[in-house]
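Down below is the structure, laid out as structure tokens.
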Amino acid sequence: MMKYLIGELAKKSQVAVDTIRFYEKRGLLLPAKRAENNYRYYDDDALDQLIFIRHCRELGMSLHEIEDLNELLKQPQQQCKVVDQAIEEHLGHIQHKIQQFEKFKMQLEQLRARCQSTTTIDDCKIIQSLKQHSDEVH
Numbered sequence: 173m174m175k176y177l178i179g180e181l182a183k184k185s186q187v188a189v190d191t192i193r194f195y196e197k198r199g200l201l202l203p204a205k206r207a208e209n210n211y212r213y214y215d216d217d218a219l220d221q222l223i224f225i226r227h228c229r230e231l232g233m234s235l236h237e238i239e240d241l242n243e244l245l246k247q248p249q250q251q252c253k254v255v256d257q258a259i260e261e262h263l264g265h266i267q268h269k270i271q272q273f274e275k276f277k278m279q280l281e282q283l284r285a286r287c288q289s290t291t292t293i294d295d296c297k298i299i300q301s302l303k304q305h306s307d308e309v310h
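Per this note's numbering, the sequence shown starts with residue 173, numbered consecutively.
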């Protein structure tokens, strides 16, 4: 089994050193073993776990969702449907975000339509709209 210093682990997993430390503190990654020289060494399991976490994050999963999946991994004899349910729930979150982004896009397009680029920033209709005390951009 390979042993990695944190810098080597970061390079192999494509996860920043600070992020690795954060995941350790959060409990997503088991703490590294300290050798007699006081260096912290990580093994292949840590590398596999970091790659798993990185892939989950690339799919937009929250740390809480990843923690839930980690808990499921501790019970490998369970039916796979619990993982399917977790992914289904995440798909719902993604669909909600897509709807939010569509709304943001429409609001930004409305703002952009107000632009009169010949005016000064002081008279900018976009800035004036953004300063309004309302929940919606008019």
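All C-beta atoms in this analysis are idealised placements derived from N, C-alpha and C, irrespective of residue type, glycine included.
Comparing C-alpha distances from A207 to each of Y176, K197, L219 shows the shortest one belongs to Y176. Assignment of R284 by DSSP, reduced to helix, strand and coil, places it in the helix class.
Looking from the CA of Y214, the closest CA among S185, I178, N242 belongs to I178. DSSP, reduced to helix, strand and coil, places K277 within a helical segment of the structure shown. Cα atoms of K297 and V187: separation of roughly 43 Å, rounded to the nearest angstrom. When rounded, the separation of the alpha-carbon atoms in R193 and Q257 is 30 Å. Note on geometry: alpha-carbon atoms of T291 and I266 lie some 39 Å from one another.
For K175, the three-state secondary structure derived from DSSP is strand. A direct Cα-to-Cα measurement between A182 and V189 gives close to 6 Å.
Taking a C-beta distance under 7 Å as the contact criterion, C252 and I238 do not qualify as a contact pair.
In the DSSP assignment, Y214 falls outside any alpha helix (DSSP H) and lies within the beta strand (DSSP E) extending over 212-215. Checking the DSSP bridge columns, you'll see R206 partnered with R212.
DSSP places I192 inside the alpha helix (DSSP H), whose first and last residues are 189-198.
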